[in-house]
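**Q** Below: one structure in structure tokens.
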Amino acid sequence: MSNPPSGSGRAGGFALLPRVFYRLLADAVVACHGLFILFVVFGGFVAWRASWRWVAALHLPCALWGMLIEFSGWICPLTPLENSLRARAGQAGYSGGFIEHYLLPAMYPAGLTPRIQVVLGSAVLVINVVAYAVLIRRLSRGSP
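Residue numbers (this note's numbering): 985 to 1128.
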């Protein structure tokens, strides 16, 4: 008597549970990664609200990390984590970084180059310099 194909019957169904779990974890990492990138780029504006000024203490190191990743050409550690989870789920991972895989195909179909990384890092820097310059100006004037 031969064994049933994988994914059929009771044993096969239970065998899928860990794969589904790892896939969901990988998807959660992607969602967190995307939210982290949004926080890196726009988190300085959150600190404009008087009741949210504490966010600046959390945001500044995150923004510096995001700029360092882009300026140095490194890959964020969340990318290998996602790839590892995808491999455990039986899915193929990808080479490169989160921005290359998820964001650049929509923005830059040719792919990520070191020049584009410098532009992205510079955009993070400029956006945050503006956000914190306005915040510092408001605080020095005594405005909320």
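Glycine is no exception: its CB is placed at the ideal position from the N, C-alpha and C atoms.
So does the stretch 1063 to 1071 actually touch the stretch 1003 to 1022, counting three or more Cβ pairs closer than 8 Å?
**A** Contact holds: three or more Cβ-Cβ distances are below 8 Å.
**Q** By how many angstroms is the C-alpha of Ile1053 removed from the C-alpha of Pro1064?
**A** Roughly 14 Å between the two C-alpha positions.
**Q** Leaving aside the five residues before and after Gly1074 along the sequence, list all residues of the same chain whose C-beta is less than 7 Å from its C-beta, in chain order.
**A** Contacts found: Arg1003.
**Q** What's the C-alpha gap between Leu1044 and Trp1032?
**A** Roughly 14 Å separates the two Cα atoms.
**Q** Please state whether DSSP places Pro1098 in a helix, a strand or coil.
**A** Correct three-state label for Pro1098: helix.
**Q** Please state whether the Cβ-Cβ distance between Val1118 and Val1024 is less than 8 Å.
**A** No, the Cβ-Cβ distance between Val1118 and Val1024 is not below 8 Å.
**Q** To the nearest angstrom, report how far apart Gly1126 and Pro1061 are at their CA atoms.
**A** Using only the alpha carbons, I get a separation of about 40 Å.
**Q** Judging by CA-CA distance, which residue of Ser1035, Ala1012, Arg1037, His1017 is the nearest neighbour of Gly1050?
**A** Measuring from the Cα of Gly1050, the nearest candidate turns out to be His1017.
**Q** Does any CB atom of chain C fall closer than 8 Å to the CB of Val1025?
**A** Annotation note: the requested chain C is absent from the structure, which comprises a single protein chain.
**Q** Mapping the DSSP letters down to three states, classify Ser1127 as helix, strand or coil.
**A** Residue state, collapsed to three classes: coil.
**Q** Going by the beta-carbon positions, is the gap between Phe1055 and Val1102 smaller than 8 Å?
**A** Cβ distance < 8 Å, so Phe1055 and Val1102 count as in contact.
**Q** Just reading off the alpha helix (DSSP H) that Pro1045 is part of, what are its end residues?
**A** Run containing Pro1045: 1039 to 1056, per the alpha helix (DSSP H) assignment.
**Q** Give the single residue among Ala1012, Ala1034, Leu1022 whose Cα lies nearest to the Cα of Leu1123.
**A** Checked all of Ala1012, Ala1034, Leu1022; the closest Cα to Leu1123 is Ala1034.
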